[in-house]
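Novice: Residue numbers (my numbering): 99 to 415.
One structure, as C-alpha cells, below. Some questions next.
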C-alpha cells in the first residue's frame with residue numbers, strides 16, 4: 099500500500115525512529131524532531147519489537163473482518179429456515195436475532211427472495227400427435243377495437259383515444275400434428291358464437307382431409323356449456339379440458355396466439371380494427387402455406403399435412 103501524500107512517517111522514517119531509539123535517544127526528542135506524537139513513536143517501536151523490519155511497512159487499511167460480517171453458518175441457517183419452513187425475512191431475523199435487512203440481502207443473493215423460488219417448477223412435457231385431426235386446440239383471445247390509430251402509432255395522446263370502441267374476440271383452432279390454423283374474429287365469446295366457430299372450423303379442416311377426433315379447450319364458460327357438449331356429442335368428438343390454472347396444457351394454442359399477435363395484430367400500424375381484420379386472411383394463408391415452423395423441421399403446416407397424409411395413404415396401400 100502506498101502512503102498518502104500528507105503522511106508524517108514512511109517505512110524509511112519508521113526505521114530511523116527505531117534506530118535513534120536503539121542508540122539511546124529519548125522518545126520525546128525523536129517525536130519533536132519528526133513532528134509526530136510520542137504515542138506514534140511508541141507504536142512503531144512496539145511493532146518493530148514484535149515483527150521486525152517487515153512490520154514497519156505500510157499495511158492494508160481495510161479491517162481483517164468487515165463490520166457486520168457473519169460466518170457461512172448463519173447464511174446457511176437462514177436459507178434452511180426459508181426452504182424448510184417458508185419463513186419470511188422478518189421471521190428469520192427474529193429467530194436468529196439478526197437485522198432484517200441482512201437476512202433479506204442473503205435471501206436475495208441466494209435466489210430465495212421470492213416464495214415462487216421455493217416451489218420447484220414442473221418438468222416441461224412436450225408432446226405432438228402423429229395423425230392430423232387426432233387433437234385440435236381451441237382458444238380465444240380478446241382484442242380491443244379501434245376506429246383510428248392510437249398514441250403508440252401517432253405519438254400524440256391528445257385526441258387519439260378510442261372511447262367506447264369495445265372488444266372483439268379472436269377464436270383460434272390449431273391442429274396438434276401439423277400446426278394448421280383456422281382463425282375468425284367474432285364479436286363475442288358466447289356459447290352460440292363459440293359453438294358456431296367450432297362447427298365452421300371442423301368443416302374447414304375436413305375440406306383439407308383432416309377428420310377431427312378430439313378437441314382440447316380450457317374451462318371457459320362457452321366451452322363448458324351444454325350447447326358445446328351437445329354438438330360434440332352429435333359429431334362423436336371427444337372433448338378434453340385442461341387442468342384448472344394450467345395454461346401450458348393447451349400450450350400450442352397459447353403459443354400460436356402469441357405468434358398471431360406479434361406477426362399480425364401488432365405487426366403494422368393499421369388504420370382501424372376493421373382494417374386489421376381484413377388483413378387476417380392474408381396472414382393465415384402465409385402462415386399455413388409458406389411460414390417455416392421450427393417445431394416441424396422448418397416445414398410449413400401445409401407441407402407437414404401433405405407429408406402425413408401421404409404416409410397414411412402409403413400405409414393403407
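Ideal Cβ placement from N, Cα and C applies to all residues, glycine included.
Here the structure is a predicted model, which is why all the values come from computation and not from measurement.
Could you give the distance in angstroms between the alpha-carbon of residue 182 and the alpha-carbon of residue 347?
Specialist: Roughly 30 Å separates the two Cα atoms.
Novice: Taking residue 354 as the reference, give the member of 369, 377 and 393 with the closest Cα.
Specialist: Out of 369, 377 and 393, 393 has the C-alpha closest to the C-alpha of residue 354.
Novice: How would you write the range of the beta strand (DSSP E) that residue 282 sits in, first residue to last?
Specialist: From DSSP, the beta strand (DSSP E) with residue 282 extends over 279-284.
Novice: Where residue 277 and residue 330 are concerned, what is the direct C-alpha to C-alpha distance, given to the nearest angstrom?
Specialist: Distance between the alpha carbons of residue 277 and residue 330: 22 Å.
Novice: Determine the direct distance from the alpha carbon of residue 173 to that of residue 116, and round the result to whole angstroms.
Specialist: Cα-Cα distance, rounded: 46 Å.
Novice: Determine the DSSP secondary structure at residue 236, reduced to helix, strand or coil.
Specialist: DSSP places residue 236 in strand when its eight states are reduced to three.
Novice: With a CB to CB cut of under 8 Å and the five nearest residues on each side skipped, what residues in its chain are close to residue 238?
Specialist: Answer for residue 238: 267, 268, 269, 270, 287, 292, 318 and 320, listed in chain order.
Novice: Would you decide whether residue 281 is buried or exposed? Buried here means 16 or more other CB atoms lie within 10 Å of its CB.
Specialist: The residue is buried, with at least 16 neighbouring Cβ atoms inside 10 Å.
Novice: Buried or exposed: which applies to residue 190, given that a residue is buried once 16 or more other Cβ atoms fall within 10 Å of its Cβ?
Specialist: Buried.
Novice: Residue 102 lies in the beta strand (DSSP E); which residues open and close that run?
Specialist: Where residue 102 is concerned, there is no enclosing beta strand (DSSP E), given that its DSSP letter is neither H nor E.
Novice: Could you pull the start and end residues of the beta strand (DSSP E) that residue 273 belongs to?
Specialist: Residue 273 -> beta strand (DSSP E) spans 265-273.
Novice: Tell me the residue span of the beta strand (DSSP E) that contains residue 185.
Specialist: Taken as a continuous stretch (DSSP letters only), residue 185 belongs to no beta strand (DSSP E), as it is neither H nor E.
Novice: My guess is that residue 180 and residue 205 are in contact by the Cβ rule of under 8 Å, so how many angstroms apart are they, rounded?
Specialist: Confirmed, Cβ separation roughly 6 Å.
Novice: Please work out which residues of its chain come closer than 7 Å, Cβ to Cβ, to residue 128, disregarding the five sequence neighbours upstream and downstream, and give them in chain order.
Specialist: For residue 128, where only same-chain residues beyond five positions count, the Cβ hits under 7 Å are 115, 118, 119 and 139.
Novice: Pull up the distance between the alpha-carbon of residue 112 and that of residue 130, whole angstroms please.
Specialist: Looking at the two C-alpha atoms, the distance is approximately 14 Å.
Novice: Comparing C-alpha positions only, which one of 395, 367 and 362 sits nearest to residue 379?
Specialist: For the residues 395, 367 and 362, the minimum Cα distance to residue 379 belongs to 362.
Novice: Of all the options 228, 343 and 272, which has the alpha carbon lying nearest to the alpha carbon of residue 408?
Specialist: Among 228, 343 and 272, the Cα nearest to that of residue 408 is on 228.
Novice: To the nearest angstrom, report how far apart residue 210 and residue 188 are at their CA atoms.
Specialist: Going by the C-alpha atoms only, they are around 14 Å apart.
Novice: Between the alpha carbons of residue 142 and residue 176, how many angstroms are there, rounded?
Specialist: Rounded to whole angstroms, residue 142 to residue 176 spans 44 Å at the Cα level.
Novice: Determine the closest residue to residue 265 out of 272, 154 and 284, with distance taken between C-alpha atoms.
Specialist: Checking every option, the nearest Cα to that of residue 265 belongs to 284.
Novice: Once the 5 residues before and after residue 122 are set aside, which same chain residues still bring their CB inside 7 Å of it?
Specialist: Closer than 7 Å at the Cβ level, and outside the excluded window around residue 122, lies no residue.
Novice: Check each candidate in 374, 126 and 236 and name the one with the smallest Cα separation from residue 300.
Specialist: Out of 374, 126 and 236, 236 has the C-alpha closest to the C-alpha of residue 300.
Novice: Can you tell me the Cβ-Cβ gap for residue 247 and residue 367, rounded? I've got them flagged as a contact below 8 Å.
Specialist: Right, the Cβ-Cβ distance comes to about 6 Å (below 8 Å), so this counts as a contact.
Novice: Apart from the five residues just before and just after residue 306, which ones in its own chain have a Cβ nearer than 8 Å to its Cβ?
Specialist: Around residue 306: 278 and 403.
Novice: Grouping DSSP H, G and I as helix and E and B as strand, with all else coil, what is residue 242?
Specialist: Strand, per DSSP.
Novice: Given that a residue counts as buried once 16 or more other Cβ atoms are within 10 Å of its Cβ, and exposed if not, what is residue 313?
Specialist: Buried, because 16 or more other Cβ atoms sit within 10 Å of the Cβ of residue 313.
Novice: In the DSSP assignment, the alpha helix (DSSP H) including residue 391 goes from what residue to what residue?
Specialist: Element bounds for residue 391: n/a, residue is neither H nor E.
Novice: Of all the beta strand (DSSP E) runs that stay within the bounds of the segment 283-330, which reach a length of 3 or more residues?
Specialist: Listed in chain order, they are 312-315.
Novice: Residue 355 by DSSP, collapsed to three states: which one?
Specialist: In this structure, residue 355 counts as helix in the three-state DSSP scheme.
Novice: Tell whether a beta-carbon distance below 8 Å holds between residue 335 and residue 310.
Specialist: Contact flag set, yes.
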